[in-house]
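These notes concern the structure reproduced below.
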Amino acid sequence: MSGPQEPTAPLHGTSAVVEATAGRLIRLRVAYEGTRYSGWQAQPGRLTVQGAVTEAIRQISGEDIRPRGSSRTDAGVHALDQVVCFQTTSSLEPEVWVRALNARLPRDITVVAGDEPPPGFDPVSAAVRKRYRYRIHDAPWKPVLQRHLVWHWRGRLDTEAMAAAGEALVGEHDFTSFETTPSQRLSKVRTIYSLHISRPGLDDDAAGAEVWIEVEGNGFLYNMVRIIAGSLVMVGAGRRSPSWLAEALAARHRPAAGPTAPPEGLVLVSIQLAPDDHPPATSVPS
């Protein structure tokens, strides 16, 4: 059950409302567990995160608004920092929107913060860096508490070999080999700023049992991070040599790379936005 409901009509009082203006923007930082959802983007007849947020907005202000997100996370993929923006004529302050939305959203979606960006803000073009984490559970036991958040791989992975292979992907490259086909994106060139492989010490049933792949870049092709993860696992499992990943990248052909890792291990960790007073001159699709 949700917590106490916020009033559906705009709240009155000096701390609750501002002067209503046409086309006022509200920007949110949203987190969600993607297990139940067919991704971020609304789709007819499917449960999506965008659809859930749209319905919550309608319940609050009566407006039929579809919010825009910085990243189109796939079905089953999670997020800790999705940037969402929508236009409203409501006079509710951003912090009231946060409380009201959290009172209506399902328990696996939450709004972490909200503010009012300048006119013309676009969450897609404003996103200059995105960080993703892929989690792999490679212990012999099953990940009971983390089962919806990790890929359970049966066999210990060689993280040193994975790290050596991942070095080839850092920098600006054509990542055609790491995109699910067919694709309508004209440019396959993206920049990876960093790629780190670690085995963090965690609590509960994941203690010493996970490998994390952290990737930060200016944008990602469709399934790019999951294909990178699947390829690195092939190296870590000894099925491919570390030098193979550079060859797969150079091939610019999807079959040259490894499999697409399952969605449950992937989480959008953070999105860095261009400063509001210095919008980016160009944008890179997510």
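Under our numbering, think of the first position of the sequence shown as 1, with each following residue one higher.
Here a beta-carbon is modelled for each residue, glycine too, at the ideal position from N, C-alpha and C.
These numbers were taken from a predicted model, which means no experiment stands behind them.
Please report the straight-line C-alpha distance between K188 and L249, rounded to a whole angstrom. If I take the Cα positions, the gap works out to 11 Å.
Looking at C-alpha atoms only, which residue of S231, S270 and E264 is the closest neighbour of A256? S231
Where does E264 sit, in a helix, a strand or coil, going by DSSP? helix
Determine whether the beta carbon atoms of L157 and A261 lie at a separation below 8 Å. No.
Within 10 angstroms of its Cβ, does K142 collect 16 or more other Cβ (buried), or is it exposed? By the neighbour-count rule (16 or more Cβ atoms within 10 Å), K142 is not buried but exposed.
Rank K130, R72 and D74 by C-alpha distance to the C-alpha of G217 and give the top, closest one. Answer by Cα proximity: K130.
Checking 8 Å against the spacing of the C-beta atoms, do R24 and T89 come in under that value? yes
Chain-order list of residues whose beta-carbon lies under 7 Å from that of A161 (same chain, five-residue window excluded): V235, G236 and P242
At which residues does the alpha helix (DSSP H) containing E160 begin and terminate? T159 to G166
By Cβ distance, which residues of its chain are closer than 7 Å to A56, with the 5 residues on each side in sequence left out? L101, R104 and L105
Among H253, G219 and H196, which residue has its Cα nearest to the Cα of A229? H196
Roughly how many angstroms separate the alpha carbons of L245 and I192, rounded to a whole number? Separation of L245 and I192 (C-alpha to C-alpha, rounded to the nearest whole angstrom) is 15 Å.
Using the Cβ count rule (16 or more neighbours within 10 Å means buried), how would you classify G171? exposed
Sequence-distant residues of its chain with Cβ nearer than 6 Å to G258 (five each side left out): Closer than 6 Å at Cβ, skipping near neighbours: G230, S231 and M234.
In whole angstroms, give me the CA-to-CA distance for P275 and V98. 22 Å
Report buried or exposed for L186, applying the criterion of at least 16 other Cβ atoms within 10 angstroms of its Cβ. Exposed is the call here.
From E247 to D74, what does the alpha carbon distance come to, in whole angstroms? 27 Å
Among the residues of its own chain, which have a CB less than 7 Å from the CB of P123, if the five just before and after it don't count? R68, G69, S70, V83, V84 and C85
Mapping DSSP to helix, strand and coil, what is I65? I65 sits in coil when the DSSP states are folded into three classes, being neither helix nor strand.
Tell me where the beta strand (DSSP E) around E211 begins and ends. At residue 211 the sequence reads Val, which differs from the Glu that was named. Looking at the DSSP string, the run of the beta strand (DSSP E) that includes V211 is E210 to G217.
Using the three-state DSSP reduction, which class does A237 fall into: helix, strand or coil? coil
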